[in-house]
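Student: Before I ask anything, here is the structure I am working with.
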Amino acid sequence: MGASERADLVVVGAGTIGGWAATFAARDGAGRVVVLERGLAGQGASSRAAGIVRAQGGTPTTVALGRWSIDFYRRQPEVFGTDSGFRELGYLILAVTDDDERAGRERVAMQRAAGLPVRWVSAAEAANLNPTLSPDGHRGGSYLETDGHIDPARNVRAYSLAMQHAGVELREHVAFTGIRTEAAAGGARRVVGVETDTGSIATERVVLTGGPSLRAVGKLAGMRIPAGAVRHSVAVLEPHDAFAVERQPMVFDIGAGLYWRLEEGGLLFGWSDPNDRPGEARAVDWAMYEEMRARLAGFVPVTRDLGLRKIWAATIDFTPDHLPILGPGMLPDGKRIEGVTVASAGGHGMMWGPGVARVAADLALTGRTDLVDVTDLGLDRFDAAGRSRLATDPIALPFPDSAEDDEPLAVPTGAG
Ligand SMILES: Cc1cc2nc3c(=O)[nH]c(=O)nc-3n(C[C@H](O)[C@H](O)[C@H](O)COP(=O)(O)OP(=O)(O)OC[C@H]3O[C@@H](n4cnc5c(N)ncnc54)[C@H](O)[C@@H]3O)c2cc1C
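Shown next, in the form of structure tokens:
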């Protein structure tokens, strides 16, 4: 990379958000698009996810992002000649308590008003839809037959190929280290370049992603992004005849944050621990695993004696309100950094990722998008302590409430 290098758009991070956003922008004629990835494409959260994809969102915005993303996964073979392994299985979101049921029925009304053909099913109907599910211990739940899952590793392959076909330049093992800005009207700043550990690139457009590292990426750009990172765990049980079927609805025990789905003839299940502190996942919590297995066996008795086939703990991204961040770069004093777009799927990058990436590309190229109303999704919804003025998405895993840490911010380099 020479000192005089120029790009029309620089995207930081080659996860599913950066990968698809770069592809969309290049296909829209953005010109020279460069993606900076400090490691290897997909090696953040995007290759480690459970792959659950649902349009059953907790707000009209997340319903829209989920629907757009499912449509995208379905159209992918035709448009890109690749797929992310999307498989429609249906999704049951269970109510266990009175409160769950009341909130669930309200959610269904909101989703139906948004045009989603979701319905409420009784406990007996739920057990009928999924014969491995006990009819006891829950009160039925919401059901949408068009929800499903992708194969996260296959999605990394899909966006890597798509980037290559679209002419995106992927730079692996190149870390973003900061931005250059100059003064703009009204006391704002305007981006004029990015710094990397191998040189600088002049550019007027930057998309910042980073998943669980987005907070650190923001700091490098002198921004305070209240995005968090915390352990999330996934396990796969050995194959069993009960799971050797083409189709069986996925299930979410929403109160406990425990979900499960078919995986290679066995059952995959995942969970978050509300007592985990924010930070990088380092190890499997076996006590929590046993607790979740016992809870799972209550719902799916056939799992009680099944062996464990694989298990992993990985670092998931989250935002304080569990909603995506999509908007312009912003300095801690509230002034904009023109030309910078920040994009986070807030821990839902499989289900909302393509939609979030599409919006990020739209905002970076044209400053507007038709996909969702982004008025409330920017960084200006957070106060100095990182608290959001929006209500928390009601279908959130039990993550920590705060994403805060105490490290100081970097100062953007460049003219003044
Ligand atoms: C165990 C687990 C299970 C999950 N299950 C689901 C699920 O079922 N459904 C769902 O919707 N979501 C799920 N998620 C969440 C989902 O994986 C993430 O929301 C999504 O992958 C985030 O994508 P991203 O592109 O923002 O981040 P990432 O995939 O983490 O990509 C960010 C990239 O930025 C790079 N980077 C960071 N700093 C720099 C720098 N300074 N310079 C250059 N590059 C940098 C990183 O190396 C990384 O490759 C799960 C996550 C985990 C961990």
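So the number in this note's numbering is just where the residue sits in the sequence shown, counting from 1, plus 110.
The beta carbon of each residue, even a glycine, is placed where N, CA and C say it ideally should be.
Measure the CB-CB distance between Arg491 and Arg478 and report whether it falls below 8 Å.
Tutor: Taking 8 Å as the Cβ cut-off, Arg491 and Arg478 do not qualify as a contacting pair.
Student: Buried or exposed: Leu418, going by 16 or more other Cβ atoms within 10 Å of its Cβ?
Tutor: The residue in question, Leu418, is exposed, as its Cβ has fewer than 16 Cβ neighbours within 10 Å.
Student: Could you tell me which of Leu199, Thr313, Pro504 sits nearest to Glu373, measuring between CA atoms?
Tutor: Comparing Cα-Cα distances from Glu373 to each of Leu199, Thr313, Pro504, the minimum goes to Leu199.
Student: Under the DSSP definition of a beta bridge, which residues are partnered with Phe286?
Tutor: Partner(s): Thr306.
Student: Give the range of the beta strand (DSSP E) segment to which Met380 is assigned.
Tutor: In the sequence as displayed, the identity of residue 380 is Gly instead of Met. From DSSP, the beta strand (DSSP E) with Gly380 extends over 376–381.
Student: Looking at Ala345 and ligand 1, is the gap between the Cβ and the nearest heavy atom below 7 Å?
Tutor: Not under cutoff, so the answer is no.
Student: Please state whether the Cβ-Cβ distance between Leu347 and Leu243 is less than 8 Å.
Tutor: No, they are not a contact pair.
Student: Would the beta-carbon of Arg116 fall within 8 Å of that of Ile311?
Tutor: Yes.
Student: Please report the straight-line C-alpha distance between Ile162 and Gln186, rounded to a whole angstrom.
Tutor: Taking the straight line from one Cα to the other gives about 17 Å.
Student: If you follow the alpha helix (DSSP H) that Val206 is in, where does it begin and where does it stop?
Tutor: Per DSSP, Val206 belongs to no alpha helix (DSSP H) and is neither H nor E.
Student: Who does Asp427 pair with in a DSSP beta bridge?
Tutor: According to DSSP, which records beta bridges pairwise, Asp427 is partnered with Ala339.
Student: Indicate the three-state DSSP secondary structure (helix, strand or coil) for His275 in the structure shown.
Tutor: His275 falls in the helix class under three-state DSSP.
Student: When the distance is taken between beta carbons, is Ser157 closer than 8 Å to Ala326?
Tutor: It is not a contact, given that the beta carbons lie outside the stated cut-off.
Student: To the nearest angstrom, report how far apart Ala337 and Leu254 are at their CA atoms.
Tutor: Cα-Cα distance, rounded: 30 Å.
Student: Please return the same chain residues whose Cβ sits closer than 7 Å to the Cβ of Val482, not counting the five positions on each side in sequence.
Tutor: If we look at Val482 and ignore the five residues flanking it on each side, its Cβ neighbours are Thr171, Ala174, Leu175, Val469.
Student: Restricting to runs no shorter than 3 residues, where is the beta strand (DSSP E) found entirely within the stretch 167–234?
Tutor: Taking only runs of at least 3 residues, the beta strand (DSSP E) segments lying wholly in the stretch 167–234 are 201–204, 229–231.
Student: Any heavy atom of ligand 1 closer than 7 Å to the beta-carbon of Leu330?
Tutor: For ligand 1, at least one heavy atom lies less than 7 Å from the Cβ of Leu330.
Student: Examine ligand 1 and report whether any of its heavy atoms sits within less than 7 Å of the Cβ of Arg546.
Tutor: Nothing in the structure corresponds to residue 546, since the chain is present only between 111 and 526.
Student: Give every residue of the same chain whose Cβ lies closer than 7 Å to the Cβ of Ser179, excluding the five residues on either side of it in the sequence, and list them in chain order.
Tutor: The residues are Val163, Met461, Trp462, Gly463, Pro464, Gly465.
Student: What are the boundary residues of the alpha helix (DSSP H) that includes Val412?
Tutor: Where Val412 is concerned, there is no enclosing alpha helix (DSSP H), given that its DSSP letter is neither H nor E.
Student: Between Ala354 and Gly375, what straight-line distance do the alpha-carbon atoms span, to the nearest angstrom?
Tutor: Rounded to whole angstroms, Ala354 to Gly375 spans 5 Å at the Cα level.
Student: Could you check if Gln221 is buried or exposed, using at least 16 other CB atoms within 10 Å of its CB as the buried criterion?
Tutor: Answer is buried; the Cβ neighbour count reaches 16.
Student: Return the chain-ordered list of same chain residues with a C-beta closer than 8 Å to the C-beta of Ala233, the five sequence neighbours on each side being excluded.
Tutor: Closer than 8 Å at the Cβ level, and outside the excluded window around Ala233, lie Pro245, Asp246, His248, Arg249, Gly250.
Student: Compute the beta-carbon to beta-carbon distance between Arg341 and Ala423, rounded to the nearest angstrom, for a pair I have assumed lies under 8 Å.
Tutor: Rounded, the Cβ-Cβ distance is 5 Å, consistent with contact.
Student: Could you compute how far the alpha carbon of Val484 sits from the alpha carbon of Asp138?
Tutor: C-alpha separation (whole angstroms): 20 Å.
Student: Here's a check: name, in chain order, each residue in its chain whose Cβ is nearer than 6 Å to the Cβ of Ala294, leaving out the five neighbours to either side.
Tutor: Around Ala294: Arg300, Glu448.
Student: Quick check: is any heavy atom of ligand 1 less than 7 Å from the C-beta of Met333?
Tutor: No; taking the cut-off as 7 Å, the Cβ of Met333 has no heavy atom of ligand 1 nearer than that.
Student: Taking Asp472 as the reference, give the member of Met273, Thr451, Gly459 with the closest Cα.
Tutor: Nearest C-alpha to Asp472: Thr451.
Student: Excluding sequence positions up to five away, which residues of its chain have a Cβ less than 6 Å from the Cβ of Glu188?
Tutor: Taken in chain order, the list of residues that qualify is empty.
Student: Among residues of its own chain, excluding the 5 on either side of Leu324, which ones have a beta-carbon nearer than 6 Å to its beta-carbon?
Tutor: The residues are Ile335, Ala337, Ser454.
Student: Take Ala136 as the anchor and find which of Leu475, Gly488, Asp503, Ala219 has the nearest alpha-carbon.
Tutor: Nearest of Leu475, Gly488, Asp503, Ala219 to Ala136, Cα basis: Leu475.
Student: Compute the minimum distance between the beta carbon of Arg177 and the heavy atoms of ligand 1, and state whether it is under 7 Å.
Tutor: Not so, every heavy atom of ligand 1 lies at least 7 Å from the Cβ.
Student: Cutting at 7 Å between CB atoms, please list the residues of its own chain near Leu150, excluding the five before and the five after it.
Tutor: So the qualifying residues of the chain are Glu282.
Student: Sorted by chain position, which residues of the same chain lie with C-beta nearer than 6 Å to Gly488's C-beta, five sequence neighbours on each side aside?
Tutor: Within the same chain, Gly488 has close Cβ partners Gly437.
Student: Evaluate Val240 with the Cβ neighbour count: other Cβ atoms within 10 Å of its Cβ, from every protein chain shown; 16 or more gives buried, anything less gives exposed.
Tutor: Checking the sequence shown, residue 240 turns out to be Asn, not Val. It counts as buried.
Student: Classify Arg446 as buried or exposed, calling it buried when 16 or more other Cβ atoms lie within 10 Å of its own Cβ.
Tutor: Label assigned to Arg446: buried.
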